[in-house]
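Chains as they are written, first to last, in full-length UniProt numbering: chain A, 1 to 200; chain B, 1 to 231.
Taking it in order: structure first as structure tokens, then the write-up.
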Amino acid sequence: MNFNFKIAIAEPSTIIRCGLETVLRQLQGFHIQIIEICNMESLQESLRMHKPELLIINPVFPGYSGLQSIKDGCACPGIKCIALICSATDPQMIRPYDDQFGLYDSIDEIKHKLERLLAEEIPDNAENEEQQTLSTREKEIVTCVVKGMTNREIADRLFLSTHTVITHRRNIARKLQIHSASGLTIYAIVNKLVELKDIQ
Amino acid sequence: MYKKGKYRETDKMSDLICENYPMVLVMSRFGIALGFGEKNIGDVCRQNKVDTCTFLTVVNFLVEDRKGLITDIDKCLSIESLIVYLHNAHDYFLNFRLPHIRRKLVDAIQDCPEDVAFVIRQFFDGYTEEVNKHMSYEEKNVFPYVRNLLKGEKDPKYNISIFKKRHDQIEMKITELKNILIKYYPGKDSYLLNSVLFDIFSTEQDLAAHNHVEDYLFVPAILALEKQLNS
């Protein structure tokens, strides 16, 4: 099972940045999209645009005004931050970070730190098992969606709140990796949840 | 893996293409044909009246596959030339690539149950229509706006940030089709369907790269131009 994460690396040294990128890409079980940030001017905008789950930043990056101002400015309050320590650094400075990477960390150490930090984002095994198949209720909702019903109509038909319908739809999209109604239509026809004449 | 590193105009065009075969599409979108022999990139560009700097900027941008923001766009970049490139890419997707995939796809799925074939075709046609809308907006609104900007005429009601905000990822839905075929296609194994799948993989990447050029080269270049006109 692969977990998708976006990780931003803010580090002025190309060698260190690319080196860390290479290490992260070797980690098994993680599917990581890397956003490279090589100067402070582009940091805020990159974070706003890509909304990474994790920021790995060199605390002595020139022009860096501190963790809090980054978190305030990027509209991503939940972002996790790891300090990338490349030189002797005041421990006081590292305290606000969720964790730290050192230049001599082994791949296993890095992996453990990531797993610990991103634990909430990684679905546990029980959830993985059920991730494959839809529940009966979810199948009913797929059927309604491909018939062109609105969330309101589905809620009325199945005696649910629209809020619950929306939650179900989000779970369906996550399980199947299908987000559009026309994609769900193919799924529903292939799995015989509906017949063509029901949806035309 | 493709060779990393910046290409220069003294590098051979054939080396560029052999080391990074998707660049054959870039070349063609700039209007350069195959058969350039041993000539270097600069010579081939000049011979075809293509702006070398713009060509190299796009090539290096794509080859280096930078995920971050480009802050140092080369001053020599020609926006006219970039628009020609983007326009030709639109033409390629809408008038060649997607219709070509559709023909192959329809052929490949003819053995599967008719209702499944029907909804797959419906999905693909819906997707094509979305791409069409997405690209027509650029052709009808964004490019004319930029062409006027280049003449020094600023539209008080439009700016490139409007485009930047509404510009969505056009490859998302073809990714979905790929996932559906891989996970749920009910028919038999077929060479043709696998070939369609390969086409979809490469089109997905090509569309993502195209959007990337628009978001990270084109938009920043226009932002700079707007700033220059306002000052």
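Cβ atoms here follow ideal geometry from the backbone N, Cα and C, with glycine treated the same way.
Just so we're clear, the structure is a prediction, and the values are computed from it rather than from any experiment.
Inter-residue spacing [alpha-carbon to alpha-carbon] between Q26 (chain A) and K197 (chain A): 49 angstroms
Quick check on T203 (chain B) - is its C-beta less than 8 angstroms from some C-beta in chain A? no
For F163 (chain B), tell me which candidate among B:L98, B:E138, B:L229 has the shortest Cα-Cα distance. B:E138
Applying the 10 Å Cβ sphere with the 16-neighbour rule, what's the burial state of residue 208 (chain A)? No answer is possible for residue 208 (chain A): the residues shown for chain A start at 1 and end at 200.
Just checking: is the beta-carbon of S180 (chain A) within a distance shorter than 8 angstroms of some beta-carbon in chain B? yes
From the beta carbon of T185 (chain A), is the nearest beta carbon of chain B less than 8 angstroms away? yes
Excluding five sequence neighbours on each side, which residues of the same chain lie with their C-beta closer than 6 angstroms to the C-beta of D51 (chain B)? S78, S81
Proximal residues to I17 (chain B) (C-beta, below 8 angstroms), its chain only, five neighbours per side dropped: M23, V24, M27
Measure the CB-CB distance between L118 (chain A) and E53 (chain A) and report whether it falls below 8 angstroms. yes
Answer with buried or exposed for L103 (chain A), where buried requires no fewer than 16 other C-beta atoms within 10 angstroms of its C-beta. exposed
Straight-line Cα distance separating P96 (chain A) from P59 (chain A): 11 angstroms
Under three-state DSSP, which class holds P156 (chain B)? coil
Segment limits, alpha helix (DSSP H) that includes C81 (chain A): Careful: C81 (chain A) lies outside any alpha helix (DSSP H), inside the beta strand (DSSP E) at 80 to 85.
Taking N39 (chain A) as the reference, give the member of A:P12, A:G183, A:I70, A:M93 with the closest Cα. A:P12
Could you tell me whether any Cβ in chain B is nearer than 8 angstroms to the Cβ of Q44 (chain A)? no
Are the segment 138 to 156 of chain B and the segment 101 to 116 of chain B touching by the rule of at least three beta carbon pairs closer than 8 angstroms? no
Mind checking which residues open and close the alpha helix (DSSP H) that includes G148 (chain A)? Counting along the chain, G148 (chain A) falls outside any alpha helix (DSSP H), and DSSP gives it neither H nor E.
Alpha-carbon to alpha-carbon, Q228 (chain B) and I160 (chain B): 14 angstroms
Could you check how far apart the C-beta atoms of K85 (chain B) and F30 (chain B) are, in whole angstroms? I think they sit under 8 angstroms. Just to set this straight, residue 85 (chain B) is Tyr in the shown sequence, not Lys. At roughly 6 angstroms, the Cβ-Cβ gap stays under 8 angstroms, so Y85 (chain B) and F30 (chain B) are in contact.
Inter-residue spacing [alpha-carbon to alpha-carbon] between T175 (chain B) and V213 (chain B): 19 angstroms
Tell me the rounded alpha-carbon separation between Y158 (chain B) and E226 (chain B). 11 angstroms
Note down the Cα distance separating K140 (chain B) from K111 (chain A), rounded to an integer number of angstroms. 49 angstroms
When the Cα atoms are used, what is the spatial distance from Q100 (chain A) to G66 (chain A)? 15 angstroms
Pick from B:K12, B:N60, B:Y21: whose alpha carbon is nearest that of D43 (chain B)? B:K12
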